[in-house]
Every structure is written in C-alpha cells, then in structure tokens.
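To start, the structure itself, in structure tokens.
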Amino acid sequence: MKNKIKCENCNSENDFFKMNCDNCGALLRDKYPNIDLFSTIWSLIESPTSGLKKIIFADHKNYQIFILFPLVIKLVFTSFFLQSLFLEPVNYQKYFSVNFGIGAGFVTFLILLFPFLLKILLYNKSVITRYKDNLAITIYSHIPLVIFLLLVLPIEFALFGRFWIFSNPSPFMIKATAAYVFSFMEILAFVWTLILFGISIKIQSNSKSYSILITLIYSSILIGLFFVIPYLG
13 MKNKIKCENC NSENDFFKMN CDNCGALLRD KYPNIDLFST IWSLIESPTS GLKKIIFADH
73 KNYQIFILFP LVIKLVFTSF FLQSLFLEPV NYQKYFSVNF GIGAGFVTFL ILLFPFLLKI
133 LLYNKSVITR YKDNLAITIY SHIPLVIFLL LVLPIEFALF GRFWIFSNPS PFMIKATAAY
193 VFSFMEILAF VWTLILFGIS IKIQSNSKSY SILITLIYSS ILIGLFFVIP YLG
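The opening residue of the sequence shown carries number 13 in this note's numbering; numbering runs sequentially from there.
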C-alpha cells in the first residue's frame, strides 16, 4: 500500500505530501503557505476531502493551539460527564483545578502522541507521512467538537447547570427529554469528528480499509481514556 504522486515531467514517484519532484524539481501541486481558519472550517463542512488536503499540504499549520485549547476543555468535560454518569460518582468539584489539570494532561498527551503512532502505522504499510501533517489532521478533524463546545455547551449549562458535567444528580433525572436530545447531538458531533478523521487517514494512506481500522483504533483509545483518567475524589 503506497500513496505516491507521479511527476508529469519525469514520471518519477514522490511522497504524497511533496510539492516539488525529488528527481527533477518540477512542481507537483499548488502551494498552500498557511491555513485560513474560517474557510478551512467551511470546507470541512462543504468538501471535507478538499479541506483536509489543504491542511496536509499547508506549509504552516497555524491555529492549531487556538483549536487545541477548547478541544482539550471539551474532551475533559466529556470525561467528567461519562465517569460521573457510568462509574462511581466522584466529587470532581472538590479538587476541580487539579482534576481538570489531570484530565487536560492525559488528553493533550494522547493528541500529541497519536500522530506519532499514526506515522509508524502508516510507515509499516509503506506510506511515508510527516508528524506535523498527522498532528494537524488530528486536531482539525475535531473541529465539530470545538463548534459544539462553543455553540451548544452554554445552552446545556443554562438548562442543567453544573450537573451536565458532574451528573449528581443525573441530567436525565432533571430534564430527561432535553438530556437525551443533547446527548444525541454530542454523539453526532463525535461521529462527525471520526468521519473527518477517517477521511484524513484515507487521504494519507490511499486505503479505505486501513483508514477505517485506524479510526476504530483511535476512537477506542479516546473513549477508553475518558474512563481511565484517575481523577481525585
């Protein structure tokens, strides 16, 4: 399984992300110096494949920290909610700052580590990738969760207060219909994220089956992480 681009000038094969042919120096694709945040977000909605390709090809992966910060907040809050809902309730609020720091550390470590693992997984299938590209598509594929955090989470807090995150009592006991609706919306945002992630792996690997496999691996690790982060009670 290789993902190569053939030079029209000399017919030599080059790695997918290359802009100039290694053999003759001919231009292989358009140049994308930077990522335009809002046009990229729109392209992820309108034409995900095109948008993700531009993210991979961009020389400078700007706005990653800008996206990573709210993403970490969203994933830590999701972990709070799931653990308080399905595991033995923990008083996260007693050590909120410490617990948030613990969660943020674990989530950030996963986001920074997985692109390296992805590089290894693809290399084992004869696909050469760059860590910075893998990191960019990992972060940008989570845009749906960031949008959800900014647009929907304030409404959830308005309806349920702190109980939407800490679930004691469960929001399903407070306003069941609204809780199920928002939970369904959260699931849709998560599924949308995984679809974008899968498309980005498909672009990198040129293999639909391998992109599905890696997406399942990533989603399993992420969901598992939500439940194993050792919060203080």
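Beta carbons: idealized from backbone N, C-alpha and C, even for Gly.
A contact between stretches requires three or more CB pairs, one per stretch, nearer than 8 angstroms, and the region 75-92 meets this requirement with the region 235-242. Residues of the same chain with a CB within less than 6 angstroms of the CB of L49, apart from the 5 flanking positions on each side, are Y75 in chain order. In the DSSP assignment, N111 falls within the alpha helix (DSSP H) that extends over 108-135. Three or more beta-carbon pairs drawn from the region 203-212 and the region 224-235 are found closer than 8 angstroms, and the two stretches are therefore classed as touching. The three-state reading of DSSP puts N146 in helix, counting H, G and I together. Counting only residues of its own chain and dropping the five nearest sequence neighbours on each side, Q95 has a CB closer than 8 angstroms to the CB of V102, F238, F239, I241, Y243. If you look at K18, you'll find it in the beta strand (DSSP E) that goes 16-18.
In the three-state reduction of the DSSP assignment, L244 falls in the coil class, being assigned neither a helical nor a strand state.
Contact between the region 145-156 and the region 37-57 is present: 3 or more CB-CB pairs across the two stretches fall below 8 angstroms.
Using a 10 angstroms sphere on the CB of V110, the tally of other CB atoms stays under 16, which defines it as exposed. DSSP, read as helix, strand or coil, puts L234 in helix. In this structure, the CA atom of I114 is about 34 angstroms from the CA atom of K66. Closest option to V119, judged by alpha-carbon separation, among N136, I215, P82: P82. Residue range 25-27 is occupied by the beta strand (DSSP E) that includes D27. Residue burial is scored here from C-beta neighbours: S217 has at least 16 other C-beta atoms within 10 angstroms and is therefore classed as buried. Annotation: I140 to N26 spans about 10 angstroms, alpha carbon to alpha carbon. Beta-bridge partners assigned by DSSP to N46: H72. Here L39 is bridged, per DSSP, to N32. Judged by their CB atoms, F196 and P183 are not nearer to each other than the 8 angstroms cut-off.
Of all alpha-carbon atoms in Y143, K137, F121, the one lying nearest the alpha-carbon of P127 is that of Y143. Look at I140 here: in three-state DSSP terms it is coil, with no helix or strand label. Runs of the alpha helix (DSSP H) lying entirely within the region 179-232 and spanning at least 4 residues, in chain order: 183-186, 188-217.
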